[in-house]
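There are 2 protein chains.
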Amino acid sequence: MKLTRERLAGLRQIYRDELLERTIPFWLRHGIDCEHGGMLTGLARDGTVIDTDKALWLQGRAVWMFSTLCNTIRRDDAWLEAARSCIGFIRAHGRGPGGKLYFQVTREGAPLRMRRYFFSECFAAMGAAAYAKASGEHCAAEETLGYFSRYIEGMIMPDGVAPKVDAETRPSQGLAAQMMLIVIAQEVRAALGDVAVAGETCSSWVDRAVETIARDFYKPEHGALLETVAPDGSVIDHFDGRTLNPGHAIECAWFILREAKERGGDTRLRQLGLAILDCMWARGWDAEHGGLFSFTDLRELPVQEYTAEMKFWWPHNEAEIATLLAWQLTREPKYAEWFERVRAWSRRVFADPEFGEWFGYAHRDGAIATRLKGNMWKGPFHVPRMMHRCGQIVDELLSETAKTQ
Amino acid sequence: MKLTRERLAGLRQIYRDELLERTIPFWLRHGIDCEHGGMLTGLARDGTVIDTDKALWLQGRAVWMFSTLCNTIRRDDAWLEAARSCIGFIRAHGRGPGGKLYFQVTREGAPLRMRRYFFSECFAAMGAAAYAKASGEHCAAEETLGYFSRYIEGMIMPDGVAPKVDAETRPSQGLAAQMMLIVIAQEVRAALGDVAVAGETCSSWVDRAVETIARDFYKPEHGALLETVAPDGSVIDHFDGRTLNPGHAIECAWFILREAKERGGDTRLRQLGLAILDCMWARGWDAEHGGLFSFTDLRELPVQEYTAEMKFWWPHNEAEIATLLAWQLTREPKYAEWFERVRAWSRRVFADPEFGEWFGYAHRDGAIATRLKGNMWKGPFHVPRMMHRCGQIVDELLSETAKTQ
Chain A
772 MKLTRERLAG
782 LRQIYRDELL
792 ERTIPFWLRH
802 GIDCEHGGML
812 TGLARDGTVI
822 DTDKALWLQG
832 RAVWMFSTLC
842 NTIRRDDAWL
852 EAARSCIGFI
862 RAHGRGPGGK
872 LYFQVTREGA
882 PLRMRRYFFS
892 ECFAAMGAAA
902 YAKASGEHCA
912 AEETLGYFSR
922 YIEGMIMPDG
932 VAPKVDAETR
942 PSQGLAAQMM
952 LIVIAQEVRA
962 ALGDVAVAGE
972 TCSSWVDRAV
982 ETIARDFYKP
992 EHGALLETVA
1002 PDGSVIDHFD
1012 GRTLNPGHAI
1022 ECAWFILREA
1032 KERGGDTRLR
1042 QLGLAILDCM
1052 WARGWDAEHG
1062 GLFSFTDLRE
1072 LPVQEYTAEM
1082 KFWWPHNEAE
1092 IATLLAWQLT
1102 REPKYAEWFE
1112 RVRAWSRRVF
1122 ADPEFGEWFG
1132 YAHRDGAIAT
1142 RLKGNMWKGP
1152 FHVPRMMHRC
1162 GQIVDELLSE
1172 TAKTQ
Chain B
772 MKLTRERLAG
782 LRQIYRDELL
792 ERTIPFWLRH
802 GIDCEHGGML
812 TGLARDGTVI
822 DTDKALWLQG
832 RAVWMFSTLC
842 NTIRRDDAWL
852 EAARSCIGFI
862 RAHGRGPGGK
872 LYFQVTREGA
882 PLRMRRYFFS
892 ECFAAMGAAA
902 YAKASGEHCA
912 AEETLGYFSR
922 YIEGMIMPDG
932 VAPKVDAETR
942 PSQGLAAQMM
952 LIVIAQEVRA
962 ALGDVAVAGE
972 TCSSWVDRAV
982 ETIARDFYKP
992 EHGALLETVA
1002 PDGSVIDHFD
1012 GRTLNPGHAI
1022 ECAWFILREA
1032 KERGGDTRLR
1042 QLGLAILDCM
1052 WARGWDAEHG
1062 GLFSFTDLRE
1072 LPVQEYTAEM
1082 KFWWPHNEAE
1092 IATLLAWQLT
1102 REPKYAEWFE
1112 RVRAWSRRVF
1122 ADPEFGEWFG
1132 YAHRDGAIAT
1142 RLKGNMWKGP
1152 FHVPRMMHRC
1162 GQIVDELLSE
1172 TAKTQ
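Protein chains in written order, with our numbering: chain A, 772 to 1176; chain B, 772 to 1176.
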């Protein structure tokens, strides 16, 4: 299979319509909190607000998404205003004791939940970087570096946050911290250039994260990218250590493939990204019902996580980007085939042509499991990021094929 | 519908076989750790150990279950030995800093995870009480009172454990702490008599918990027993405050019905228990596929918890006890009908006639979602407790009908 010029031209229009007609307007219309600022994400199918609490992850992600649209599509006042509202809300209400960002606050900004990890900082860093570029606000660039340093201190440095599981008895390290380091560094570099944070450039942080992933988390001998390993990279043969997250791994794969592309086709990065995509697609795709499993087991034992067979929306978004990018880098027919497969399955199952945006959670067979459009984890991020990024890749593919004709 | 004498005689045999031939032997054969003591619960379908970590909840529950079999069926050396092994493991390895019990430790007993709540103490108290009676060990009675007091201090007293959500911004209280107080007090009283703990008798603790539940958590005007409410019992109209847990509520209903029965038919308790059972059965039973939903929403809005439509084994165990007990107390045909319905559905979906015990997690349509038999939450508790308690009720019903003939 291949993606023909006709197909690509069709996809260009589809992604543009999906993004700008059916997804972004959903959040602008229903999510923007005109009274208190920021983005409401607890939305029912038709956009009715069913929970007014605000998730800090999603404020940062919204800043990133709307600023990125301004930086790459056009300077649109409504988009910039949405980004400004969300970054303003973070500035006014995000910080808890010691400056650490909350996980969840009320609509008005009163604290509800502080969590141990620094993922609110992760998304705030990405958001502030893109916003600095979109708005030209110098202080947003400063702010970016502050969040990024906090993330590195908390999640990457040896004396950062302690894992939930006793580190004396069973020391471990997690993939999430490393893969998010790649994407923060990539987004900061895209917006502000290859600046230094905590003594190293963004590109150097990418190198360090990729190095750790390749050395400790990717296991060619098992055909898997692990989520949790021992400090020396050895397998922790317990439920948590064996639990694989195909969507997460495939997201990590495209971060690495993006880096390969941005470095002009770096072979090692390209091979690593493709190898992860290949093995985790094989492990994750449900041959019986279609779609990507949420969790699988390294040794194909039963998984403790009982949502393992459910299908979440976001792994399908990540797989759509990863397979399209892999096709762009290789022109291997299997990637075009996987791309079309995950596209078709996710549109059939999750998309909601009636009210826009997507549902988030399906049973194994594809029946929707809860009919909300957003919550403390789902907001204007995975779905529009996929449409935006795939749209960009399609544009590149079309101009590549134009050149070769 | 009614449960005829013939049906009851059949059920007596069925429960006995299910409990003593197909469930208890599964755990004795596969779960007992002869080397390090305690119960391994990370088991695959056929009983193969797939995770050696030990959950403290399940050690306490195993002590309770095996001791209760000794106290009520017969004094069996293997059962007493199983109980002794698990309480010995708790004594040797359960306590963390300050004496608080861990949530999870390694097979050998090294600490893995401490959690904020005192539910390990809850099950240790129930277990130690039943074990004190089964073994005659005086120190186990002392131990019981120690765990019970810690539970009360941590979970019931105003300066106990803080909830996850900021108590200044959104103060709340949870049903679980109150309903587990009922069952601990009932089990301690059953084993040791109506002893005093933290200045009050077990019966008085039951009264206090029932009072709180009736006043703050049960909402006849909404037809629901809530899981999380404000300190004054008002509804917290957010995802968490609206989320109902039908299986949990129905478990609470039978704790209250049991108390009504043990107090010779106390009308107020009986009415409260039946009212909770009635409204939460109506909210929880899936008219389309059968089985009990895991979570529903007070206002029938979409639930944030995306496993809401999954079917877990334990709500069906609790509903089987609750409906049979309700039938015993009322002889209302609907309870016999619900009892037979939940029995049939759960046997068809969860029971594993080939290897014994039950699977734990099904998709909405009843397809099994993960084929393990135990993990850090599922062990020798809900399934055998249901078989044991229903067997007892059936025995009582048979002797009642014998008397009336």
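Glycine is no exception: its CB is placed at the ideal position from the N, C-alpha and C atoms.
Within 7 Å, strictly: CB atoms of W1129(A) and A1140(A):
no
Quick one: does N1146(A) have its CB under 7 Å from some CB of chain B?
yes
Positions along the stretch 875 to 889 of chain B whose CB lies within less than 7 Å of some CB in chain A
T877, A881, P882, L883 and R884
Would A903(B) and T915(B) be called neighbours here (beta carbons separated by less than 7 Å)?
yes
Let me see if you follow: with CB-CB separation under 7 Å, is H1009(B) close to chain A or not?
yes
Can you give me, in chain order, the residues of the stretch 1119 to 1143 of chain A that have a beta carbon less than 8 Å from any beta carbon in chain B?
G1131, Y1132, H1134, R1135, D1136, A1138, A1140, T1141, R1142 and L1143
For V1165(B), the three-state DSSP class (helix, strand or coil):
helix
Can you find a CB in chain A that lies within less than 7 Å of the CB of A901(B)?
no
Where does F1083(A) sit, in a helix, a strand or coil, going by DSSP?
strand
Across which residues does DSSP place P1124(B) in a beta bridge pair?
DSSP output for P1124(B) lists no bridge partner at all.
I'd like to know if E958(B) contacts chain A, where contact means its C-beta is closer than 7 Å to some C-beta of that chain.
no
What do you reckon, are the CB atoms on G1127(B) and F797(B) nearer than 7 Å?
yes
I953(B) and V981(B) look like a contact to me (Cβ under 8 Å); what is the Cβ gap, rounded to whole Å?
7 Å
Using 10 angstroms around the beta-carbon of M1157(A), count the other beta-carbons present and answer buried if the total reaches 16, otherwise exposed.
buried
Determine the burial state of Q1042(B): buried for a count of at least 16 other Cβ atoms within 10 Å of its Cβ, exposed for fewer.
exposed
Hey, quick one: how far does the beta strand (DSSP E) through A1138(A) stretch, first residue to last?
A1138(A) -> no beta strand (DSSP E), and no H or E assigned at all.
Measuring only the C-alpha atoms, how far is R793(B) from R816(B)?
13 Å
Do G831(B) and F874(B) have their C-beta atoms closer together than 7 Å?
no
Below 7 Å between beta carbons: does that hold for I1062(A) and W976(A)?
Here residue 1062(A) turns out to be Gly, not Ile, going by the sequence shown. For G1062(A) and W976(A), no; Cβs fall outside 7 Å.
Given a limit of 8 Å on CB to CB distance, which residues of the stretch 973 to 994 of chain B reach chain A?
none
Backbone CA spacing between G865(A) and C1161(B) [nearest angstrom]
52 Å
For chain B, is any of its Cβ atoms less than 7 Å away from the one on T812(A)?
no
Paired residues, beta bridge with E1171(B) - DSSP
Bridge partners of E1171(B): none, in fact.
With a floor of 4 residues, list each alpha helix (DSSP H) that falls wholly inside the stretch 988 to 1071 of chain A, ordered by position along the chain.
1010 to 1013, 1017 to 1033 and 1038 to 1055
Give me the Cα-Cα distance between V1165(A) and L1048(B), rounded to the nearest whole angstrom.
57 Å
Taking C-alpha atoms, which residue in A956(B), E892(B), W1085(B) and R941(B) lies nearest to G925(B)?
E892(B)
Under 7 Å between the Cβ atoms of G1145(B) and V1120(B)?
no
In or out: E1080(B) buried (at least 16 other Cβ within 10 Å) or exposed?
buried
From the DSSP secondary-structure annotation, give me the bridge partner or partners of I803(A).
M810(A)
Please identify the residue among E1033(A), W1109(A), P991(A) and T1078(A) whose C-alpha is closest to the C-alpha of N1187(A).
With chain A running from 772 to 1176 in the structure shown, residue 1187(A) is simply not present.
Run through chain A and tell me which residues come within less than 8 Å of K935(B), C-beta to C-beta.
R884
R960(B) to N842(B), Cα distance in whole Å?
14 Å
When the cut-off is 7 Å and only beta carbons count, does I821(B) lie next to chain A?
yes
Taking DSSP as the reference, what is the three-state secondary structure of E939(A)?
coil
Quick one, which residues of the stretch 1076 to 1087 of chain B are near chain A if we go by CB-CB under 9 Å, in chain order?
E1076, Y1077, T1078, A1079, E1080, M1081 and F1083
Any beta carbon of chain A sitting closer than 7 Å to that of A938(B)?
no
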